[in-house]
Amino acid sequence: MHDVSRQSSVSLHPPDSLEEDGSEQGDGIDHSMGSGEGTNDEDGEDRLNGKPRQKKRGIFPKHATTAMRAWLFQHLNHPYPSEDQKKTLSELTGLKILQVNNWFINARRRIVQPMIDQSNRGGQGT
1 MHDVSRQSSV
11 SLHPPDSLEE
21 DGSEQGDGID
31 HSMGSGEGTN
41 DEDGEDRLNG
51 KPRQKKRGIF
61 PKHATTAMRA
71 WLFQHLNHPY
81 PSEDQKKTLS
91 ELTGLKILQV
101 NNWFINARRR
111 IVQPMIDQSN
121 RGGQGT
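Taking the UniProt record's numbering, the leading residue of the sequence shown gets 1, the next gets one more, and so forth.
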């Protein structure tokens with residue numbers, strides 16, 4: 001059963017309203033993953049359930065998103081960087097490979113797919 005109190009992950013904003021880390025801008029919602037319950041002890045664990053608390057999301061540096069966005073638009077026909085390309089982008093941007101990987105997963109869904117959908121709608125005479 002779904003927890004009704006959680007925010008939906010469905011975006012109602014167009015792709016150009018995304019922050020550089022891929023999160024939606026200006027909605028005033030705390031997008032951190034922590035439950036807000038329990039007390040933190042010194043090692044960062046929640047005392048109620050013993051699980052480490054998630055860090056709040058940060059915004060990627062402008063140069064990082066610019067570099068990844070440039071790569072994405074240069075490779076629109078196949079927007080899947082190889083492991084070597086991810087490593088190079090990671091070194092170039094100062095992000096972890098996992099962050100680069102997740103950025104591309106989100107970018108394909110939030111940037112590339114709407115572009116494909118838009119071009120498909122345009123060709124159907126609507």
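Glycine included, every Cβ here is placed at the ideal spot set by N, Cα and C. These numbers come from a predicted model, not from an experiment.
Using beta-carbon positions only, say whether residue i and residue j come within less than 8 Å of one another.
{"i": "Met68", "j": "Val112", "result": "no"}
{"i": "Ala70", "j": "Thr93", "result": "no"}
{"i": "Pro81", "j": "Phe60", "result": "no"}
Which residue's Cα is closest to the Cα of residue i: the options?
{"i": "Arg108", "options": "Phe73, Lys51 and Ser119", "result": "Phe73"}
{"i": "His78", "options": "Arg57, Asn120 and Ile116", "result": "Ile116"}
{"i": "Gly58", "options": "Leu95, Ser119, Gly122 and Gln118", "result": "Leu95"}
### Message
Going residue by residue through the UniProt DNA-binding region "Homeobox" (53–115), where are the continuous alpha helix (DSSP H) segments of at least 4 residues, counting only ones entirely within it?
### Response
62–74, 83–93 and 97–107
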